[in-house]
Amino acid sequence: MSSSSLKGFRDFYPEDLALRNRIFDTWREVARRYGFVEYDGPPLEPLEMYTRKSGPEIVEQLYAFEDKGGREVALRPEMTPTFARMVSARAPALPKPIRWFSVPQLFRYEQPQKGRTREHFQLNLDIVGEEGVAADAEVIAAAVDILRAFGLDADDVAARISSRRLAAGVLRAAGVPDGGLEDAFQALDKAERRDRDWVREELRRAGADDGGIDRILAYTEMDLGEVREAYASDGDVTAAADRLGRLFELLDQYGLGEFAEFDAGLVRGLAYYTGVVFELWDRRGDLRAICGGGRYDDLLASLGGRDLPAAGFGMGDVVLAELLRERGLTGEEEQGLDDFVVFISDEERPLAMRLVRALRESGRSAAYDLEARSVGRQFGAADQAGARRTLVLGPDEVSRGVALVREMESGEEREVPLEEMMELPDGRPAAAAEPGS
RNA sequence: GUGAGCGUAGCUCAGUCAGGUUAGAGCGCCAGGUUGUGGCCCUGGAGGCCGCCGGUUCAAAUCCGGUCGCUCACCCCA
Numbered sequence: 002m003s004s005s006s007l008k009g010f011r012d013f014y015p016e017d018l019a020l021r022n023r024i025f026d027t028w029r030e031v032a033r034r035y036g037f038v039e040y041d042g043p044p045l046e047p048l049e050m051y052t053r054k055s056g057p058e059i060v061e062q063l064y065a066f067e068d069k070g071g072r073e074v075a076l077r078p079e080m081t082p083t084f085a086r087m088v089s090a091r092a093p094a095l096p097k098p099i100r101w102f103s104v105p106q107l108f109r110y111e112q113p114q115k116g117r118t119r120e121h122f123q124l125n126l127d128i129v130g131e132e133g134v135a136a137d138a139e140v141i142a143a144a145v146d147i148l149r150a151f152g153l154d155a156d157d158v159a160a161r162i163s164s165r166r167l168a169a170g171v172l173r174a175a176g177v178p179d180g181g182l183e184d185a186f187q188a189l190d191k192a193e194r195r196d197r198d199w200v201r202e203e204l205r206r207a208g209a210d211d212g213g214i215d216r217i218l219a220y221t222e223m224d225l226g227e228v229r230e231a232y233a234s235d236g237d238v239t240a241a242a243d244r245l246g247r248l249f250e251l252l253d254q255y256g257l258g259e260f261a262e263f264d265a266g267l268v269r270g271l272a273y274y275t276g277v278v279f280e281l282w283d284r285r286g287d288l289r290a291i292c293g294g295g296r297y298d299d300l301l302a303s304l305g306g307r308d309l310p311a312a313g314f315g316m317g318d319v320v321l322a323e324l325l326r327e328r329g330l331t332g333e334e335e336q337g338l339d340d341f342v343v344f345i346s347d348e349e350r351p352l353a354m355r356l357v358r359a360l361r362e363s364g365r366s367a368a369y370d371l372e373a374r375s376v377g378r379q380f381g382a383a384d385q386a387g388a389r390r391t392l393v394l395g396p397d398e399v400s401r402g403v404a405l406v407r408e409m410e411s412g413e414e415r416e417v418p419l420e421e422m423m424e425l426p427d428g429r430p431a432a433a434a435e436p437g438s
């Protein structure tokens with residue numbers, strides 16, 4: 002009670018860190034399986050890197066300050082600008098497409114609540130240099146396969162998919178000028194949380210006429226086939242719908258078709274998306290999106306980097322961990338010991354320590370009771386430590402050159418020659434090795 | 001920034017409405033019962049500025065005011 006972590010920042014106790022590590026391991030493993038390589042950058046960047054493109058409202062949520070050299074700096078709130086810089090610097094020399102991922106810790110100064118903290122870890126996975134729809138499918142498939150790797154299936158989660166190009170075509174057809182597109186996207190993004198009148202008013206402000214507003218709202222309820230029908234004569238919409246249709250075909254071929262759903266209302270709040278956008282959602286419960294991403298073909302250039310097409314996503318650890326906990330998929334983390342060495346009297350202590358050392362040298366996790374308490378206490382300590390085996394050394398055993406090995410779960414016991422266990426990987430008996438050699 | 005709920009042991013919580021001996025329980029921790037065998041059981045122990053400050057009162061965990069913190073929701077969400 003004397004102190005706690007800063008608001009919105011987390012202490013990771015061993016059981017928490019075990020889950021976090023499992024999440025990281027799974028992220029990295031699936032990314033590796035997809036052929037992505039990991040990179041990282043500085044957690045502290047020039048403030049200007051975020052203000053230039055993001056606007057002043059983001060600055061309010063930044064951890065920003067002046068460093069001792071008078072530089073305006075900020076803890077990174079997102080990885081994309083760093084990624085843009087790094088990938089642009091090497092892009093000319095890298096084989097395309099570039100498949101990179103990272104697991105940065107990101108920081109945002111905002112009110113913590115369920116699923117939101119002031120720091121979190123986020124898997125960022127991107128493909129750069131490939132504008133085809135296959136790259137869109139590849140990143141979505143990777144995101145879905147990550148959730149599958151945690152034991153979630155299509156009954157648990159869904160990938161909601163849409164296209165900004167498709168939505169832009171519908172908005173233009175409704176009278177929204179290019180200058181009003183971004184406002185209209187924002188209105189659609191908030192449509193689920195706001196009432197109809199608010200959305201209508203925002204769309205009107207963005208430039209849509211009355212009939213157009215009705216058509217936009219109708220569009221958000223349509224499936225892809227209905228969109229095609231309603232906009233059959235519109236070349237832009239049809240082209241975007243074709244590409245989306247192709248994306249769903251590809252996801253089907255990945256074997257992930259049952260995860261994929263078209264959601265016309267989805268546009269994502271971020272301004273920089275240019276094509277496909279998607280989010281992964283828990284089908285039950287009221288969690289926030291687990292993951293969000295899409296195609297951002299103009300972003301790298303607009304951040305001052307190379308003009309390269311790109312698609313990717315971010316997946317945070319906070320909502321994901323909540324989901325895994327809810328579903329009981331946090332797993333039994335391997336925290337226990339392999340071996341606990343019990344010695345009956347002080348006579349056996351030196352040998353016990355040599356045995357512990359030999360076990361450790363061989364790669365097993367091993368411990369003994371530092372306090373040399375009663376045998377009963379030592380077994381208790383073995384139990385608490387989660388030991389799978391207990392190796393007992395007493396006068397009897399030592400005189401016969403064996404240890405009594407007890408399997409803790411079954412209680413089964415057998416004698417094992419000490420030489421067998423004290424043989425080092427190189428074949429040299431540990432018993433012959435001098436301490437410290 | 002706005003609103004609501006909640007702050008008592010390491011954890012989960014009773015006790016607060018109706019102020020009154022030394023503030024409790026379960027779990028966990030330590031020790032003993034048990035110096036050749038863990039889990040179960042029994043016994044004992046450690047561990048509390050009852051969030052903090054002030055007020056009312058003979059007396060405050062309890063009532064009042066303020067304040068800080070946490071949680072959830074709104075706002076926002078790269």
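My numbering puts the first residue of the first sequence at 2, with every later residue one more than the last.
Every residue, glycine too, gets a C-beta built ideally from N, C-alpha and C.
Bear in mind the structure is a predicted one, so any value in this text is a computation, not a measurement.
On the three-pair Cβ rule with 8 angstroms, is the segment 112 to 126 touching the segment 152 to 170? No, because fewer than three Cβ pairs between the segment 112 to 126 and the segment 152 to 170 fall closer than 8 angstroms, the two stretches do not touch.
Between the beta-carbon of D137 and the beta-carbon of V268, is there less than 8 angstroms? In this structure, D137 lies away from V268, with their beta-carbon atoms at least 8 angstroms apart.
Tell me whether the beta-carbon of A144 lies closer than 8 angstroms to the beta-carbon of T27. Against a cut-off of 8 angstroms, the Cβ pair of T27 and A144 comes out as no contact.
Let me confirm a value: F380 is counted as buried when at least 16 other C-beta atoms fall within 10 Å, else exposed. Which label applies? When all chains shown are included, F380 counts as buried.
Please go through the same chain and pick out, in chain order, the residues whose beta-carbon is closer than 6 angstroms to the beta-carbon of P436, but skip the five residues on each side of it. With a pLDDT of 41 at P436, under the threshold of 50, the modelled position of this residue cannot be trusted; read the value that follows with caution. Excluding positions up to five away in sequence, the list is empty.
Where F37 sits in the DSSP three-state scheme: Three-state result, F37: coil.
Which same chain residues end up closer than 8 angstroms to R328 when comparing Cβ atoms and leaving out the 5 residues on each side of it in sequence? Shown here for R328: same chain residues with a beta carbon closer than 8 angstroms to its own, the five before and five after excluded, namely G152, L153, D157 in chain order.
Short Cβ contact (8 angstroms threshold) for A92 with I99: In this structure, I99 lies closer than 8 angstroms to A92 by Cβ.
Quick one: what does DSSP say D127 is sitting in, helix, strand or coil? Per DSSP, reduced to three states, the secondary structure at D127 is strand.
Measuring CA to CA, which of G270, V31, E132 is closest to D514? Examination of residue 514 is not possible in this model, given that the chain is present from 2 through 438 alone.
Are there 16 or more other CB atoms within 10 angstroms of the CB of D179, so buried, or fewer, so exposed? Around the CB of D179, fewer than 16 other CB atoms lie within 10 Å, so the residue is classed as exposed.
Can you tell me whether F380 is helix, strand or coil according to DSSP? Looking at F380 - three-state DSSP - the assignment turns out to be helix.
Measuring CB to CB, does R407 end up less than 8 angstroms from R389? For the 8 angstroms CB-CB criterion, R407 and R389 do not form a contact.
Rounded separation between G170 and D237 - CA only: Roughly 6 angstroms separates the two Cα atoms.
Let me know the secondary structure DSSP gives E349 once reduced to three states. DSSP places E349 in helix when its eight states are reduced to three.
Nearest-angstrom Cα distance between L45 and L76? Cα-Cα distance, rounded: 5 angstroms.
Select from R247, L356, A373, L371 the residue whose C-alpha is nearest the C-alpha of R365. Of R247, L356, A373, L371, the residue nearest in Cα terms is L356.
Cβ-Cβ separation, L338 to A386 (assumed contact under 8 angstroms), whole Å: Contact holds; Cβ gap of about 5 angstroms.
Using three-state DSSP, classify M87 as helix, strand or coil. Helix.
Check for me: the alpha helix (DSSP H) holding F186 runs from which residue to which? In the DSSP assignment, F186 falls within the alpha helix (DSSP H) that extends over 182 to 190.
State the start and end residues of the unbroken alpha helix (DSSP H) segment that holds D198. Run containing D198: 197 to 207, per the alpha helix (DSSP H) assignment.
For E414, the three-state DSSP class (helix, strand or coil): E414: strand per DSSP, three-state reduction.
For L325, which three-state DSSP category applies? Under the three-state reduction of DSSP output, L325 falls in the helix class.
Which of the three DSSP states, helix, strand or coil, is assigned to Y51? In the three-state scheme derived from DSSP, where H, G and I count as helix and E and B as strand, Y51 is classed as helix.
Quick check on the burial criterion: 16 or more other C-beta atoms within 10 angstroms. Buried or exposed for S303? Counting Cβ neighbours within 10 Å, S303 comes out exposed, since fewer than 16 surround it.
Nearest by alpha-carbon distance to L182: which of A159, I217, R195 is it? The shortest C-alpha separation from L182 is found at I217.
Comparing alpha-carbon positions, which option in R296, D287, F260 lies nearest Y273? Of all alpha-carbon atoms in R296, D287, F260, the one lying nearest the alpha-carbon of Y273 is that of R296.
Minimum C-alpha distance to L330 - residue among L172, W101, R21: Taking only the C-alpha atoms, the option nearest L330 is R21.
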